[in-house]
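Please read the structure below before turning to the comments.
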Amino acid sequence: APPALAVIGRPNVGKSTLVNRITRSKEAVVEDVPGVTRDRVSYDAEWNGKDFTLVDTGGWEQDARGMHKRVAEQAEMAVDEADAVVFVVDGLVGATAVDEAVVRMLRRKKKPVLLVANKIDAPSQMSEVYSLWNLGLGEPYPVSALHGTGTGDLLDAAVKAL
Ligand code: GDP
Ligand code: MG
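The sequence shown begins at 75 in full-length UniProt numbering and counts up one residue at a time.
Right, here's the structure in full:
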């Protein structure tokens, strides 16, 4: 099977927009384990001649009480099955407490992580991006999933990590 790249992060940071941008009009590969994989959708993807499976996560209902836990659990399952991880944060907001909880989980997993600062639609919106170095995950990749800017650099690095 091709290596798997999991896309994780809080709801509404733009994970699905990024996955759709990368996979274009590709059909989702339907998972064959009902229930367990309900919140994950896989796509066949290719970059620089390398085939990989891109896994979108999310799809659960937000609830104020359980959100920390559920985001982390969902992310953790996807990470366990992945060869590398794209961790998406809202680049306009910067890191939140939920993001920091995800970072702690990622540290335990010791898998390659690419940190994406999404929603950077214009160079003038970079101010929060620099502070993301503090998460200790290395260089943040500024991306606009909406416009497609920055996704090439991200994918170059991601397929090298697979
Ligand atoms: P997910 O919950 O992480 O999968 O987030 P979605 O992909 O569903 O996106 C959540 C919202 O953010 C939608 O309204 C998107 O249109 C918006 N969004 C996603 N990427 C970008 C981006 O690069 N720039 C801007 N301005 N909005 C974005
Ligand atoms: Mg989504």
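For every residue, glycine included, the Cβ atom is placed at its ideal position computed from N, Cα and C. Quantities reported herein were computed from a predicted structural model and do not represent experimental measurements.
Please report the straight-line C-alpha distance between residue i and residue j, rounded to a whole angstrom.
i: A219; j: D230; result: 16 Å
i: G168; j: G123; result: 33 Å
i: W121; j: K143; result: 33 Å
i: residue 50; j: V129; result: Beyond the ends of the chain as shown, which are 75 and 236, falls residue 50; an answer cannot be given.
i: G83; j: V177; result: 10 Å
i: F126; j: P85; result: 24 Å
i: A156; j: M179; result: 14 Å
i: P214; j: V160; result: 11 Å
i: G224; j: A158; result: 18 Å
i: D195; j: K183; result: 31 Å
i: D118; j: E174; result: 30 Å
i: K234; j: L79; result: 11 Å
i: P108; j: V145; result: With a pLDDT of 48 at P108, under the threshold of 50, the modelled position of that residue is not reliable, and the figure given next carries that caveat. Those two C-alpha atoms are separated by around 20 Å.
i: N94; j: G222; result: 10 Å
Does residue i pass the burial test, meaning 16 or more other C-beta atoms within 10 Å, or should it be called exposed?
i: Y204; result: exposed
i: A75; result: exposed
i: T170; result: exposed
i: D106; result: Interpretation of D106 is limited by its pLDDT of 49, a score under 50 that renders its predicted location unreliable; no figure is taken from the coordinates.
i: N192; result: buried
i: A232; result: buried
i: G132; result: buried
i: G88; result: buried
i: R114; result: buried
Name the DSSP beta bridge partners of residue i, please?
i: L206; result: Per DSSP, none; premise fails for L206.
i: D164; result: N192
i: K124; result: W121
i: T223; result: S218
i: L79; result: L128, A158
i: V115; result: D130
Within 7 Å: the Cβ of residue i and any heavy atom of the ligand MG?
i: S116; result: no
i: S205; result: no
i: G132; result: yes
i: K193; result: no
Should residue i be counted as a contact of the ligand GDP given a C-beta to heavy atom distance under 7 Å?
i: L220; result: yes
i: S90; result: yes
i: V87; result: yes
i: G83; result: yes
Could you check whether the Cβ of residue i sits closer than 8 Å to any Cβ belonging to chain C?
i: D195; result: Of the chains in the structure shown, none is chain C; there is only one protein chain.
Just to confirm, does residue i get its C-beta within under 7 Å of one of the non-hydrogen atoms of the ligand ADP?
i: R95; result: Of the ligands this structure carries, namely the ligand GDP and the ligand MG, none is the ligand ADP.
Do the region 191-200 and the region 145-156 meet, that is, are 3 or more Cβ pairs less than 8 Å apart? The region 191-200 vs the region 145-156: no contact.
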